[in-house]
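What follows is a set of notes on a single structure, which appears directly below.
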Amino acid sequence: MAAEKKMVTLVSSDGVEFVVEKRVAEQSLFIKNALNGGVVEEKVIPIPKVTGDTLSSVLEYCEKHASTAEFQENEIEEWDKEYIEKANLNLLYDLLQASSFMLIMGLLDLGAERVASLIRGKSAQEIRELLNIKYDFTPEQEEEIRREMQWHFE
1 MAAEKKMVTL
11 VSSDGVEFVV
21 EKRVAEQSLF
31 IKNALNGGVV
41 EEKVIPIPKV
51 TGDTLSSVLE
61 YCEKHASTAE
71 FQENEIEEWD
81 KEYIEKANLN
91 LLYDLLQASS
101 FMLIMGLLDL
111 GAERVASLIR
121 GKSAQEIREL
131 LNIKYDFTPE
141 QEEEIRREMQ
151 WHFE
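Here it is, written out as structure tokens:
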């Protein structure tokens, strides 16, 4: 007879509940510390700041990485690459926020690497457009910054 799997319920900021195996949830150090440190009495853990859609995607990552013993390293690297490349910019931003809050360092690193690859080789203007960053410096302010940071522009 197989051992009974320990389950926990995660509740997103918008009230969506996810019942997952404890080993999957513990890919998050935030959750692992809450469970093992006695912070939560029940096996229901609220995850503020993370919507149901984002938490679903985060848990997809956690499920895969909780099962890494079943995969060779190159298989998990290929899966990670496909997972992060299919994320649009909004989801990528949400994944970065969620992984930072939930302390899922592998996902945080993966997201940061994806952002770096998206902006690599682009001009400041192209990066602002890609990331929808409002540029509100006056020409005088921009010139002052360029003078102060001249070493960077050389």
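For the sequence shown, the residue numbers in the UniProt record's numbering are 1 to 154. C-beta atoms are modelled at their ideal positions from N, C-alpha and C, and glycine is treated no differently.
Distance check for residue j and residue i, CA to CA, integer angstroms please.
i, j, result
"F47", "K64", "According to the sequence as given, residue 47 is Ile; it is not Phe. Cα to Cα, the separation comes out at about 20 Å."
"M105", "S99", "7 Å"
"L89", "E129", "12 Å"
"P139", "V44", "53 Å"
"M1", "V24", "Since pLDDT at M1 reaches only 45, below the 50 mark, its modelled position is unreliable, and no value is offered."
"residue 181", "E4", "A question about residue 181 goes unanswered here, because the residues of the chain that appear run from 1 up to 154."
"S56", "I119", "27 Å"
"L29", "M102", "7 Å"
"Q27", "K122", "34 Å"
"N132", "L91", "14 Å"
"K6", "S67", "15 Å"
"V58", "Y83", "10 Å"
"K32", "L95", "19 Å"
"T9", "G37", "17 Å"
"A34", "M149", "44 Å"
Just to confirm the assignment, what range does the alpha helix (DSSP H) spanning residue i have?
i, result
"F101", "L89 to M102"
"K32", "L29 to N36"
"E78", "E73 to E85"
"residue 155", "This structure gives no information on residue 155, because the portion of the chain shown stretches from 1 to 154."
"F133", "The amino acid at residue 133 is misidentified as Phe; the sequence shows Ile. Neither: I133 is in no alpha helix (DSSP H) and is coded neither H nor E."
Please classify residue i as buried or exposed, where buried requires at least 16 other C-beta atoms within 10 Å of its C-beta.
i, result
"Y61", "buried"
"V19", "exposed"
"I127", "exposed"
"D80", "buried"
"L110", "buried"
"E85", "exposed"
"S117", "exposed"
"R146", "exposed"
Quick one, which of the options has its alpha-carbon nearest residue i's?
i, options, result
"A87", "M102, S67 and E113", "E113"
"D14", "E26, G52 and G37", "G52"
"E77", "Q97, E144, L107 and T54", "L107"
Give the range of the beta strand (DSSP E) segment to which residue i is assigned.
i, result
"P48", "Counting along the chain, P48 falls outside any beta strand (DSSP E), and DSSP gives it neither H nor E."
"V115", "Element bounds for V115: not the beta strand (DSSP E) but the alpha helix (DSSP H), M105 to I119."
"F18", "E17 to E21"
"T9", "M7 to S12"
Under 6 Å: does the beta carbon of residue i sit that close to some heavy atom of the ligand HEM?
i, result
"D109", "This structure does not include the ligand HEM; it has no bound ligands of any sort."
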